[in-house]
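One structure is given here, and the rest of the page talks about it.
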Amino acid sequence: MIFENNILFEDNHLLIVNKPSGILSQGDSTQDSSLIDFAKEYIKKKYAKKGNVFVGLVHRIDRPASGIVMLTKTSKALERMTQAWRERVVEKKYIAMVDRVPQKNEGIVRSWLEKDVSKNKVTSYNYEKKGTVFAELSYKVYSRMKNRAAIEIQLTTGRPHQIRVQMREIGCCIIGDVKYGYTKKNNDGSILLHAYELSFTHPVNGNYINIKSTPVWLPEYDGS
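Just so we're aligned, residue 797 is where the sequence shown starts under my numbering, counting upward by one.
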């Protein structure tokens, strides 16, 4: 039921879900159940599918983060949406709760990122060097709560841990994100980063689709 209750959109080609924090987008070395595993189980049960079930993953969000993830039920949709993602015609927005209000109410962050695969951690540079990739996002203050702030973030590029490391660049660490500068973990291991809006053209029928999902912590968080 956890998976079914988090479905935001479903048709013959797409399955868009609100991923809870703590769930993998896809399997890794931990062998923990992933969003793909739950989706296959759901489709198999709902449609009485026999044999293997196809589920494609268009993009990922980090395990401790939450929010909208697009899965596909057909290879055609996966190919077309992956291409749309690569061409940056899919609009994606995030909300992050950070530990201080940024100096500027809005801005653009540009840097070059290098990932250490062995540590699963990204380092940011303000110049290009071998092994780095360019990363860009824009942000604006969504709301203020005491000395904390909710920040709306729109990605231009989609790099591993990009939001987490670039928020730290502007002196605003995401609540719970001890990997990137915050002082303590949240009790449930989550970080307050949520993929909250996705806008795109349907890969088969061409309809414009806008999906939104408000993080559960946003209206309740008191900045303490």
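Glycine included, each C-beta is placed from N, C-alpha and C at the ideal position.
Can you confirm whether residue i, when its beta carbon is compared against all beta carbons of chain C, has any partner nearer than 8 Å?
i: Lys-1008; result: Note that chain C does not occur in the displayed structure, where there is just one protein chain.
Using CA coordinates, which residue listed in the options is at the minimum distance from residue i?
i: Gln-822; options: Glu-806, Ile-832 and Glu-800; result: Ile-832
i: Ile-839; options: Ile-857, Thr-826 and Leu-810; result: Leu-810
i: Val-849; options: Ser-871, Trp-908, Asp-828 and Ile-857; result: Ser-871
i: Ile-987; options: Phe-834, Trp-1013 and Phe-996; result: Trp-1013
i: Phe-805; options: Asn-1006, Glu-837 and Pro-956; result: Asn-1006
i: Val-813; options: Tyr-843, Lys-845, Val-851 and Val-974; result: Val-851
i: Met-963; options: Tyr-935, Ala-835, Gly-863 and Asp-912; result: Tyr-935
i: Tyr-843; options: Ser-1009, Tyr-976 and Asn-808; result: Asn-808
i: Asn-916; options: Gly-863, Leu-989, Met-866 and Ser-825; result: Ser-825
i: Asn-901; options: Val-885, Glu-948 and Arg-884; result: Glu-948
i: Ala-892; options: Leu-867, Ala-946, Thr-928 and Ile-864; result: Ala-946
i: Val-913; options: Gln-950, Gly-927, Ile-803 and Lys-845; result: Gly-927
i: Gly-903; options: Pro-1011, Lys-815 and Gln-950; result: Gln-950
Is the CB-CB distance between residue i and residue j below 8 Å?
i: Lys-889; j: Glu-993; result: yes
i: Glu-932; j: Thr-953; result: yes
i: Asn-905; j: Cys-968; result: Here residue 905 is Val; the residue named in the question, Asn, does not match the sequence. For Val-905 and Cys-968, no; Cβs fall outside 8 Å.
i: Arg-876; j: Pro-999; result: yes
i: Val-961; j: Val-897; result: no
i: Glu-887; j: Ser-995; result: yes
i: Ala-835; j: Leu-867; result: yes
Can you tell me which of the three DSSP states residue i falls into?
i: Leu-1014; result: coil
i: Tyr-843; result: coil
i: Lys-925; result: coil
i: Glu-948; result: strand
i: Tyr-976; result: helix
i: Asp-828; result: coil
i: Val-961; result: helix
i: Ser-907; result: strand
i: Val-913; result: coil
i: Glu-883; result: coil
Return the chain-ordered list of same chain residues with a C-beta closer than 7 Å to the C-beta of residue i, the five sequence neighbours on each side being excluded.
i: Gly-985; result: Gly-818 and Pro-860
i: Arg-940; result: Val-897
i: Thr-878; result: Val-854
i: Tyr-1017; result: Only weak support is given to the placement of Tyr-1017: the predicted model assigns it a pLDDT of 46, under 50, and the question is left unresolved by the model.
i: Tyr-978; result: Asp-895, Cys-969, Ile-970, Ile-971 and Gly-972
i: Pro-956; result: Lys-911 and Val-918
Classify residue i as buried or exposed, calling it buried when 16 or more other Cβ atoms lie within 10 Å of its own Cβ.
i: Asn-1003; result: exposed
i: Gly-972; result: buried
i: Arg-755; result: Because the chain is modelled from 797 through 1020, residue 755 falls outside the range shown and cannot be assessed.
i: Arg-884; result: exposed
i: Tyr-1097; result: No answer is possible for residue 1097: the residues shown for the chain start at 797 and end at 1020.
i: Ser-862; result: buried
i: Gln-958; result: buried
i: Lys-869; result: buried
i: Asn-1001; result: exposed
Mind checking whether the beta-carbon of residue i lies closer than 7 Å to any heavy atom of the ligand GDP?
i: Leu-909; result: Ligands in the displayed structure: none, and consequently the ligand GDP is not present.
Take residue i and list the residues in its own chain whose beta-carbon comes closer than 8 Å to its own, dropping the five residues that flank it on each side.
i: Gly-1019; result: Because the pLDDT at Gly-1019 is just 43, under 50, the model does not fix this residue reliably, and the value given afterwards should be weighed accordingly. The answer, listed in chain order, is Met-941, Lys-942, Asn-943 and Arg-944.
i: Lys-925; result: Trp-908 and Glu-910
i: Asp-828; result: Leu-820
i: Lys-981; result: Gly-972 and Val-974
i: Glu-800; result: Tyr-838
i: Arg-856; result: Ser-821, Gln-822 and Val-865
i: Asn-922; result: Ser-907 and Trp-908
i: Thr-997; result: Ala-880, Val-885, Asn-1003, Tyr-1004 and Ile-1005
Apart from the five residues on each side of it in sequence, which residues of its chain come closer than 6 Å, Cβ to Cβ, to residue i?
i: Ser-830; result: Leu-820, Gln-822 and Gly-823
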